[in-house]
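Asks: Each residue of the sequence shown is one higher than the last, beginning at 1 in full-length UniProt numbering.
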Amino acid sequence: MKFEIEDITVYFPYDHIYPEQHSYMVELKRALDAKGHCLLEMPTGTGKTIALLSLITSYALSKPIKLIYCTRTVHEMEKTLAELKLLYDYQVRHLGPSAQLLAVGLSSRKNLCINPAVVSAENRDSVDAGFRKLTASWVRALAIENPNIPTCCFFENYEKASFDEFLPLGVYTLQVLRAFGKQKGWCPYFLARHMVQFAHVLVCSYQYLLDPKVAGIISEKMQCESVVVFDEAHNIDNVCIEALSVSVRRQTLEGATRNISKMYQEIERFKATDAGKLRAEYNRLVEGLAQGRNLPTHIRGVSQSSLNLSMRECLISPDPILQLSCHDASLAIKPVFERFQTVVITSGTLSPIDLYPRLLNFNPVVSRSFTMSLTRECICPMVLTRGSDQLPVSTKYDMRSDPGVARNYGRLLLEMVSVVPDGIVCFFVSYSYMDAIVNTWNETGILKDIMQHKLVFIETQDVVETTLALDNYRRACDCGRGAVFFSVARGKVAEGIDFDRHYGRLVIMFGIPFQYTLSKYSRHDKRSKLPGWILSHLRDAYLNLSTDMALHIAREFLRKMAQPYDTTGASGRKTLLSQEDVKQMSNGSADVPVF
């Protein structure tokens, strides 16, 4: 559908639009016109991504701007590019050659490398190390003299290629980019980095803007008029802190010591064989350092003087960690606010929304939270505080080892799997607590009873294992067997994985991953900070329930949801607007009732 928002024609690739999507676009356009930063909160599952992409790409047709879309995970990146491909195809059908859009996904070497000798490595660090061994300048220089030294043919072809022909217009997901690289024989990673300056839309991870080590890849090549979007940004303050924090372990120091020893041996070898080449390499290194910042005073020659340190004997743990921690989130994001004219921070949960400007030290020109348009009560949040034996349940520290709490949590899940169909997702406060609870359930036989009703899958800290578990969970739900997925709040699965339709009929949070407080005033204050779309459905009668009461409410709710829904009998309320409805709204008509 096409519709007007003030002086902009918006191309939206669906026949209907939610009222909150339209309102979201209106507020986003206000921020773009004002050339300022904004905070926008819209409930999960209401099409926030496609609304944002539709408005900004349509805006760019008349007022040239570029979009840098930042996501938390690779899965979110691929999902965003898939939606952008759908939108681009729609624009091509209506605009033809005028639909000028080049969108590229930029990720790590692990996700873009196509060299079989490198990409088969176990983890990202191994891939990066193998990548550098084949593409480092000194390796390539030696390979010219000795053809037996291995190099990367894809990188060499990329270096030799003349870039008179760039990527054709279109949307390039990571998979499409790898396929294009194989076809041309070019390295997809360096091709994506090269295309940053030409792309109209760049989709990448937060680190490419917030981490000082890699931020220059984008910041130096993108114009100041670009729009930056941080999607799923409810934890952006933590990401900023982590970007400027460093943890030094014993293994880190041992690895550095080994590298210094190797470097010393190489320096001595060059001294004996080719001192002139060593001096030239050193001068080139010093010149490069001088361009970035002041050269440390203790670097005076090729051989570094020894540093004498005296240490007092002290008792430490077997594996000590030296943590250099940043406590001001605004330091990492400040260069982004200063360089780009519009930064959009958006998520399904930004409550309390007035907290983020204080955490990140900026003044938004637009700050808005949207509600969810529903014609019937299809969400039923509950707070359970007691088990079926009326004993309190909590994840506060002094109750975590209580076997009664673990038993009541297990009984709650066992009762729910016997009532709720399809998929159930459970979130725990940490990996360690999840492991302890699952072990307790396994020893007491509760886990075996749960598996009589549904299959059980568990998130681990290994990405491959978690991906496999998630795929099998979806297969179990698709075939009607039903499944339970154990995950961790703020873990890999909690960030950006959609459990829509039959994949998420029930969500159970075993505790809250925040500091516990005994103050009833603080508890009330925390309740008021919940997202509005949850607060609107959270009844006072559902705040202090036992397992039996929660089970009864769940049965009644599921029975109600199983009834056929008459879309024509909703008192004239609409949750989906047609193109004509949007046109009437734009003209100020009051004949379109929206709920």
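The C-beta atom is built at its ideal place from N, Cα and C for all residues, glycine as well.
To which residues of the same chain is residue 247 closer than 6 Å at the C-beta, ignoring the five residues directly before and after it?
Replies: Translated into the one-based positions of the sequence shown, residue 247 becomes position 247. 321, 323.
Asks: For residue 381, which residues of its own chain have a beta-carbon under 8 Å away from its beta-carbon, when the five flanking residues on both sides are left out?
Replies: Taking the first residue of the sequence shown as position 1, residue 381 is located at position 381. Correct list, in chain order: 534, 537, 538, 542.
Asks: In or out: residue 233 buried (at least 16 other Cβ within 10 Å) or exposed?
Replies: Along the sequence shown, read from residue 1 onward, the residue named residue 233 stands at position 233. Of the residues assessed, residue 233 falls on the buried side of the cut-off, its CB having 16 or more other CB atoms within 10 angstroms.
Asks: Report the residue from 557, 506, 62 whose alpha carbon sits nearest the alpha carbon of residue 425.
Replies: The count along the sequence shown starts at 1 and reaches residue 425 at position 425. Ranking 557, 506, 62 by Cα distance to residue 425 puts 506 first.
Asks: Helix, strand or coil for residue 236? Go by DSSP, reduced to three states.
Replies: The sequence position of residue 236 within the sequence shown is 236, counting from 1. Per DSSP, reduced to three states, the secondary structure at residue 236 is helical.
Asks: What does the Cβ neighbour count give for residue 480, buried or exposed, with the cut at 16 atoms within 10 Å?
Replies: Looking up residue 480 in the sequence shown gives position 480. Classification for residue 480: exposed.
Asks: With DSSP as the reference, please indicate the residues paired to residue 486 in a beta bridge.
Replies: In the sequence shown, the residue the question calls residue 486 occupies position 486. The bridge partners DSSP lists for residue 486 are 426, 458.
Asks: By the DSSP assignment, the alpha helix (DSSP H) with residue 58 in it spans what residues?
Replies: Against the sequence shown, residue 58 aligns to sequence position 58. It spans 48–62 - the alpha helix (DSSP H) in which residue 58 sits, taken as one unbroken run.
Asks: Does the region 368–375 come within contact of the region 34–48, defined as at least 3 CB pairs closer than 8 Å?
Replies: Inter-segment contact for the region 368–375 and the region 34–48 is present: three or more beta-carbon pairs are separated by less than 8 Å.
Asks: Among residues of its own chain, excluding the 5 on either side of residue 520, which ones have a beta-carbon nearer than 8 Å to its beta-carbon?
Replies: Start at 1 with the first residue of the sequence shown, and residue 520 comes out as number 520. Any reading at residue 520 needs caution, since the residue's pLDDT is 43, under 50, leaving its predicted position unreliable; the model's value is listed next. Nothing meets the Cβ criterion.
Asks: Comparing alpha-carbon positions, which option in 427, 428, 413 lies nearest residue 421?
Replies: Here the question's residue 421 lines up with position 421 in the sequence shown. Nearest C-alpha to residue 421: 413.
Asks: Between which two residues does the alpha helix (DSSP H) containing residue 509 stretch?
Replies: Mapped onto the sequence shown, residue 509 falls at position 509. First-last for residue 509: 506–510, but that is the beta strand (DSSP E), not the alpha helix (DSSP H).
Asks: Below 8 Å on the Cβ atoms is my guess for residue 239 versus residue 69; work out the distance and round it to an integer in Å.
Replies: Counted from its first residue, the sequence shown places residue 239 at position 239. Counted from its first residue, the sequence shown places residue 69 at position 69. 15 Å between Cβ atoms; not a contact.
Asks: Tell me, to the nearest whole angstrom, how far the beta carbon of residue 154 is from that of residue 181; I am working on the premise that it is less than 8 Å.
Replies: In the sequence shown, residue 154 corresponds to position 154, counting from 1. In the sequence shown, residue 181 corresponds to position 181, counting from 1. Right, their Cβ atoms sit about 7 Å apart.
Asks: In whole angstroms, what separates the C-alpha of residue 344 from that of residue 11?
Replies: Taking the first residue of the sequence shown as position 1, residue 344 is located at position 344. Taking the first residue of the sequence shown as position 1, residue 11 is located at position 11. Each residue's Cα considered, the two are about 20 Å apart.
Asks: Any idea if residue 441 is buried or exposed, counting beta-carbon neighbours within 10 angstroms, 16 or more meaning buried?
Replies: In the sequence shown, the residue the question calls residue 441 occupies position 441. Its Cβ being crowded by 16 or more others within 10 Å, residue 441 is buried.
Asks: Beta-carbon within less than 7 Å of residue 474's beta-carbon, same chain only, minus the 5 sequence neighbours each way: which residues are those?
Replies: Taking the sequence shown and counting its residues from 1, one reaches residue 474 at position 474. Contacts found: 503.
Asks: Give the straight-line distance between the Cα atoms of residue 427 and residue 486, rounded to the nearest whole angstrom.
Replies: On the sequence shown, position 427 is the one that residue 427 refers to. On the sequence shown, position 486 is the one that residue 486 refers to. As the crow flies, the alpha-carbon of residue 427 is around 6 Å from that of residue 486.
Asks: For residue 515 and residue 98, what's the separation of their Cα atoms in angstroms?
Replies: Walking along the sequence shown from the start, residue 515 turns up at place 515. Walking along the sequence shown from the start, residue 98 turns up at place 98. Low local confidence applies: a pLDDT of 49 at residue 515 is under 50, so the model's placement there is unreliable, with the coordinate-based value given in what follows. Distance between the alpha carbons of residue 515 and residue 98: 54 Å.
Asks: Does the Cβ-Cβ distance between residue 45 and residue 21 come in under 7 Å?
Replies: Here residue 45 is taken as the residue at index 45 of the sequence shown, counted from 1. Here residue 21 is taken as the residue at index 21 of the sequence shown, counted from 1. No; because the gap between Cβ atoms is not below 7 Å, this pair is not in contact.
Asks: Using the beta-carbon count (16 or more within 10 Å), is residue 378 buried or exposed?
Replies: Start at 1 with the first residue of the sequence shown, and residue 378 comes out as number 378. Exposed is the call here.
Asks: Do you know whose CA, among 75, 513, 158, 325, lies nearest residue 193's CA?
Replies: Residue mapping note: residue 193 aligns to position 193 of the sequence shown, counting from 1. Taking only the C-alpha atoms, the option nearest residue 193 is 158.
Asks: Using the rule of at least 16 other Cβ atoms within 10 Å of the residue's Cβ for burial, across every protein chain shown, is residue 443 buried or exposed?
Replies: Stepping through the sequence shown from its first residue, residue 443 is reached at position 443. Residue 443 should be labelled exposed.
Asks: If you drop the 5 nearest sequence neighbours on each side, which residues of the same chain put their C-beta closer than 8 Å to that of residue 2?
Replies: Position 2 of the sequence shown, counted from the start, is the residue given in the question as residue 2. For residue 2, where only same-chain residues beyond five positions count, the Cβ hits under 8 Å are 9, 10, 11, 12, 94, 579.
Asks: Taking 7 Å as the cut-off, decide whether the C-beta atoms of residue 448 and residue 482 are in contact.
Replies: Counting from one through the sequence shown, the residue named residue 448 turns up at place 448. Counting from one through the sequence shown, the residue named residue 482 turns up at place 482. Contact flag unset, no.
Asks: The alpha helix (DSSP H) spanning residue 404 covers which residue range?
Replies: For the purposes of this step, residue 404 is taken as the residue at position 404 of the sequence shown. Per DSSP, residue 404 belongs to the alpha helix (DSSP H) from 403–417.
Asks: Give me the Cβ distance between residue 71 and residue 231, rounded to the nearest whole Å; I'm assuming they're in contact under 8 Å.
Replies: Here the question's residue 71 lines up with position 71 in the sequence shown. Here the question's residue 231 lines up with position 231 in the sequence shown. That belief holds up - the Cβ atoms of residue 71 and residue 231 are roughly 5 Å apart, short of 8 Å.
Asks: Would a C-beta distance cut-off of 7 Å place residue 330 and residue 361 closer than the cut-off?
Replies: Along the sequence shown, one-based indexing puts residue 330 at 330. Along the sequence shown, one-based indexing puts residue 361 at 361. A contact, by the Cβ cut-off of 7 Å.
Asks: Please identify the residue among 471, 335, 348 whose C-alpha is closest to the C-alpha of residue 216.
Replies: Along the sequence shown, one-based indexing puts residue 216 at 216. Of the candidates 471, 335, 348, the one whose C-alpha sits nearest the C-alpha of residue 216 is 335.
Asks: Which word fits residue 146, buried or exposed, when buried means at least 16 other C-beta atoms lie within 10 angstroms of its C-beta?
Replies: As a working mapping, residue 146 is identified with position 146 in the sequence shown. The residue in question, residue 146, is exposed, as its Cβ has fewer than 16 Cβ neighbours within 10 Å.
Asks: Which class does residue 78 belong to by DSSP, given the choice of helix, strand or coil?
Replies: Residue numbering aside, residue 78 sits at position 78 when the sequence shown is read from its first letter. In this structure, residue 78 counts as helix in the three-state DSSP scheme.
Asks: Distance check for residue 57 and residue 179, CA to CA, integer angstroms please.
Replies: Mapped onto the sequence shown, residue 179 falls at position 179. Mapped onto the sequence shown, residue 57 falls at position 57. Answer to the nearest angstrom: the Cα atoms are 26 Å apart.
Asks: Roughly how many whole angstroms lie between the Cα atoms of residue 396 and residue 242?
Replies: The residue given as residue 396 occupies position 396 in the sequence shown. The residue given as residue 242 occupies position 242 in the sequence shown. Roughly 25 Å between the two C-alpha positions.
Asks: Taking residue 55 as the reference, which of 28, 415, 229 has the closest Cα?
Replies: Translated into the one-based positions of the sequence shown, residue 55 becomes position 55. With distances taken between Cα atoms, residue 55 lies closest to 28.
Asks: Do you know how far the Cα of residue 549 is from the Cα of residue 392?
Replies: Taking the sequence shown and counting its residues from 1, the one referred to as residue 392 is at position 392. Taking the sequence shown and counting its residues from 1, the one referred to as residue 549 is at position 549. C-alpha separation (whole angstroms): 14 Å.
Asks: Between residue 373 and residue 18, is the Cβ-Cβ spacing less than 7 Å?
Replies: Walking along the sequence shown from the start, residue 373 turns up at place 373. Walking along the sequence shown from the start, residue 18 turns up at place 18. Against a cut-off of 7 Å, the Cβ pair of residue 18 and residue 373 comes out as a contact.
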